[in-house]
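Read top to bottom, the protein sequences are chains A and B. So for the first sequence, our numbering puts the first residue at 110; every next one is plus one. So for the second sequence, our numbering puts the first residue at 943; every next one is plus one. Even for Gly, the Cβ is constructed at its ideal location relative to N, Cα and C. Written below as structure tokens is the structure these notes are about.
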Amino acid sequence: MTAIVWVNVTTLMSWVRPAVGVVRVEQEYVRWLLSQTHTEPTVKFVVFHPKKKAFYEVSAQSVQEKLARRDVGGGAATTTAEDRFKYFAKRLTRFIPPAFLPKARDAGLMVIRTIRFFRGRLRQLRRPIVWSQARIECSIDGSFADLAPAGFGQSDVFISMGLDWDQLDLPVVYRAKQRHGFRVVLMCYDAIPVLFPHLVVAESGRFGAHLVELGWCADHVMCISQSTRRDFAAFLEQMGGHIPMTSVIRLGDQLPGDSRVQQTAADSEALRCADRPFVLYVSTIERRKNHELLYRAWVRMRDHGIDVPRLIFVGMPGWGVSDFLADLRLDHRIAGDIVVLNQVSDGELHWLYEHCLFTLYPSLYEGWGLPVTESLAHGKFCLCSTAASIPEAGGSLCEYLDPWDLPTWVDRISTLIQNPHEVASRNARVRQEFAPQKWADTAFRIHEVATALCPKPPSFHSSQQSMRTPGIHCD
Amino acid sequence: MSQSPRRVVVLGSYPVKQPRHGGQLRLTEIIAAYRESGYSVVSVNCFPASAFYLQGGCGGNDFPAPLHELGQYRGFRAPFIEDLACGDWIVSRPGYLRRIRELVGGGCAAIHLEQPWLLPLARELLQHLPSGIALIYGSQNIESPLKEAIFDQYKFSGAEPLIRSIDDLERQAAALADIVLAVTSQDAAKLAGWIKPKGRVVLAGNGIRPWQASAQAIERWRARLGDRPFGLYAASGHPPNVKGFVESFGPSLAALAPDQRIVVAGGVADQLGQHPWFGRWGPLHARRLELLGVLAQTDLDALRVLAHSFVLPTTSGGGSHLKTAEALYSGRHVIATPLAMRGFESFLQLTGLQVVSPGLEFARAVGQSLRKKPLELGDRSCSERNQLTWSSTLAPMIKALAEHEACR
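Encoded structure:
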């Protein structure tokens, strides 16, 4: 019996915003697979239906189309709540008698106004992904009713690396695995919600349960850093859970938009912010990311009379930062000095990396530190936090500071912005020495882990099979 | 009114109409053992009028004491002392005392005081009865350290005078009794130091009454719980039961696979669901624990038949446990802490029994047991298990009373 690698694409098929780290990993693995497998049947795609607790097969064509749509939008959101309401309202009108249409239209307009009113408030609370979005996305290619249930076999491998704590029911996977005998490869991005529950929106009890189930379900767990691997194993050890085989996968550094996205529109907000020199901090805006340290540093530097460059925060506002964002808006001392950019496309982000002076990354804890390596891949030095995996990501090319030590950050940032030669020399060293990891190499390594668990590896391995790039270390 | 010398007056600290927790079951079986041996029994019970006891219904000789009158003992106010306060409460009610004296009549072979709480009542009765009536003190535990542990668990400080009072009460009961019943050899050794010169300590351990579940109940529970093997923990809401479960499984139930679970029956289930330990990893525990609460006997019997393993997570308290006897008798895998086996040391080599220290090791052993095949019992194992029936374990009590009567 030929083995099949079943790839869970639930996150990719449901995600409608710019790719965050987790989404990007799944997206780039799938992209690589599609570039390899268009003639081969040994890789198949599935989505998980949480209510039916079942997997359904989606065609490679549907996945390809979804990727294409994401690429055209540069990863930026393609639909809004309003768009989605309009879409449903239009479909609903088919069932409304013509005599009632004017009243229905008035009611619809009232709903749209209500959506607009609440949108600003909901944005703070909105989870990045909701199942209704997943249904909308899947309905583009047909509803679940049109999809066939996935037929897992004993020789198969199931691999999932998306927002599994939110979208996947691991006990269902475990039971299916017990029933069919297939192997499972899963991903651990971090253990932060159980280590620092006060710093995240995720409920630590729920996330802890996810990590425990991860240990029980997976034959192999890929971790995105040695630090994460240690955290994952230590947590399971402490809880008494089952510790599966683990390995470290190095994530790609290059924005997928580098070659595919058209030149950023001249009137984009990102370019408008670049009317003066700027430094960049790319990260979701949330307490753990420690944006507040940089805000205080900028205030302190202004107080000291230093001519500061603009500080651009690129990222989606997350949980627990409404007071902080209000400070940024209201504090006249840094008016115009700090800008928040949300919904930035891959192309725009690429441009911002290219044109910034250097980057900052004061996060309190990370599973890896993708923006650090993205910065290096764009030839930009990063002033980083010493926390967790960040020194692993940045290696010897970054400088590390204690994320709690404001005076030292003020001192180092002031020195850098007042010494452009030092910045230039550090950037030059980065350009010279940093060896970027292509996403294709990461994808190949992920697939290598999956196929290693197949009794007979799928036959579609391309010429890339001979490629041996560093990045995976198995026990 | 004719008084039979073959009469035993049993003073109990709970109702026995619908026995649910271990103490009630033991008291019920003691009464049954006397009756089966030809004694007539007058069962007089005085207990706190809690919802738990009142739900089960009261008999004609039951004296429920209002809870608000049991909050203090001889001027000392504290929680968890309702049982202690019952003894003083009943003797301070002349009407109730008169009624009890009428029930007892002019003579009996023995007064059986089960647990020390009603010692004031036993004293009152003995004062008005002819001499030569045997006093049998049934000690289910050494109570004072147990109560101390409960105070500690709930962080109630300053309870030393109460602990001393309980200790005194136990010592006095043992010193007054002609026969002292112990449930474990450790308790027997301790009680032997307290008895009067002509008194004796008899080991009469806890046992089981063989159960048989109805096919209907089994099918109903099989439909509800599915075919996945489960471990069973059935215990009352007595605080050390919750503590024992939490301490025995360690930080969480992560050692159990996603398809494994523990079914928890009895009052302990409600308390476990509200315990911070459960809430810390709520989603994980919700998947691995089936908290059923207090069940009818038919349902409990069905669960015992369906269980793959029995878990005995005991980490504190004295005496021996009925649930240990039930687990050992069940013919299923049993994972027990060393303390849970107290009083059952002769069964340590029983097939399918695994004694494991509390903590991760215990949790992992439970997970492993659920992956094992069901036990297949040989003749020897069956005969060993039959020693656990109440008729076997309480036989020394009947024998001791008969010997006492013969000497008299």
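Query	Result
Reducing DSSP to helix, strand and coil, say where N1328/B ends up.	helix
Looking at C-beta atoms only, is the number of pairs between the stretch 1233-1252 of chain B and the stretch 1113-1133 of chain B that lie closer than 8 Å three or more?	no
Three or more C-beta pairs under 8 Å: does that hold for the stretch 1179-1187 of chain B against the stretch 996-1016 of chain B?	no
Apart from the five residues on each side of it in sequence, which residues of its chain come closer than 8 Å, Cβ to Cβ, to G1074/B?	R1350
Would F467/A pass as a contact of V532/A if the rule is Cβ separation under 8 Å?	yes
Could you check if H530/A is buried or exposed, using at least 16 other CB atoms within 10 Å of its CB as the buried criterion?	exposed
Verify whether the separation of the beta carbon atoms of L1198/B and V1308/B is less than 8 Å.	yes
According to DSSP, is S985/B part of a helix, a strand, or is it coil?	strand
Once DSSP output is grouped into helix, strand and coil, what is the label at I447/A?	strand
In its own chain, which residues sit with a C-beta less than 7 Å from the C-beta of L1330/B, not counting the 5 before and 5 after it?	G1149, I1150, A1267, L1270, Y1271
Kindly indicate if chain B contains any beta-carbon less than 8 Å away from that of A343/A.	no
Buried or exposed: which applies to P564/A, given that a residue is buried once 16 or more other Cβ atoms fall within 10 Å of its Cβ?	exposed
Would you say R1313/B reaches chain A, if we count a Cβ-Cβ gap shorter than 8 Å as a contact?	no
Taking 8 Å as the threshold (beta carbon to beta carbon), is Q546/A in contact with chain B?	no
Report the CB separation of L1254/B from A1207/B in whole angstroms; it is logged as a contact under 8 Å.	So it is not a contact: roughly 14 Å between Cβ atoms.
Based on Cα-Cα distance, which residue from K162/A, G290/A, V116/A lies nearest to S168/A?	V116/A
I need the DSSP call for E1287/B, collapsed to helix, strand or coil.	helix
By the criterion of Cβ-Cβ separation under 8 Å, what are the contact partners of L279/A in chain B?	P1200
From this set, Q1202/B, G1273/B, P1280/B, K1314/B, which residue's C-alpha is nearest G1320/B's C-alpha?	G1273/B
Could you tell me the alpha carbon to alpha carbon distance between A128/A and L510/A, rounded to whole angstroms?	28 Å
Please check if any C-beta of chain B sits within less than 8 Å of the C-beta of G317/A.	yes
Kindly provide the ranges of any alpha helix (DSSP H) runs that are 4 or more residues long and lie completely inside the stretch 1088-1172 of chain B, ordered along the chain.	1102-1118, 1127-1134, 1157-1167
Kindly indicate if chain B contains any beta-carbon less than 8 Å away from that of Y283/A.	yes
Taking a cut of 7 Å between CB atoms, which residues from the stretch 1178-1206 of chain B lie near chain A?	G1192, P1193, S1194, A1196, A1197, A1199, P1200, D1201
Find the residues of chain B that neighbour M348/A, judging by a C-beta separation of less than 7 Å, and give them in chain order.	P1193, S1194, A1196
Do you know offhand how far L323/A's Cα is from L279/A's?	7 Å
R1138/B: buried (16+ other C-beta within 10 angstroms of its C-beta) or exposed?	The amino acid occupying residue 1138/B in the given sequence is Lys; Arg does not appear at that position. When all chains shown are included, K1138/B counts as exposed.
Could you check the C-alpha separation between G361/A and A1159/B for me, to the nearest Å?	58 Å
Which of the three DSSP states, helix, strand or coil, is assigned to H530/A?	helix
Using a C-beta to C-beta distance shorter than 7 Å, which residues of chain A count as neighbours of W1223/B?	G314, G317, A318
Give the residues from the stretch 1299-1330 of chain B that approach chain A closer than 8 Å (Cβ to any Cβ), ordered along the chain.	L1302, A1305, R1306
Which residue from Q1296/B, R1019/B, K1089/B puts its Cα closest to that of F1252/B?	Q1296/B
Distance check for G314/A and A343/A, CA to CA, integer angstroms please.	16 Å
Decide if Q335/A is buried, meaning its Cβ has at least 16 other Cβ atoms within 10 Å, or exposed.	exposed
By the three-class DSSP mapping on this structure, what secondary structure does L256/A have?	coil
Here's the rule: buried if 16 or more other CB atoms are within 10 angstroms of the residue's CB, otherwise exposed. What is S1311/B?	buried
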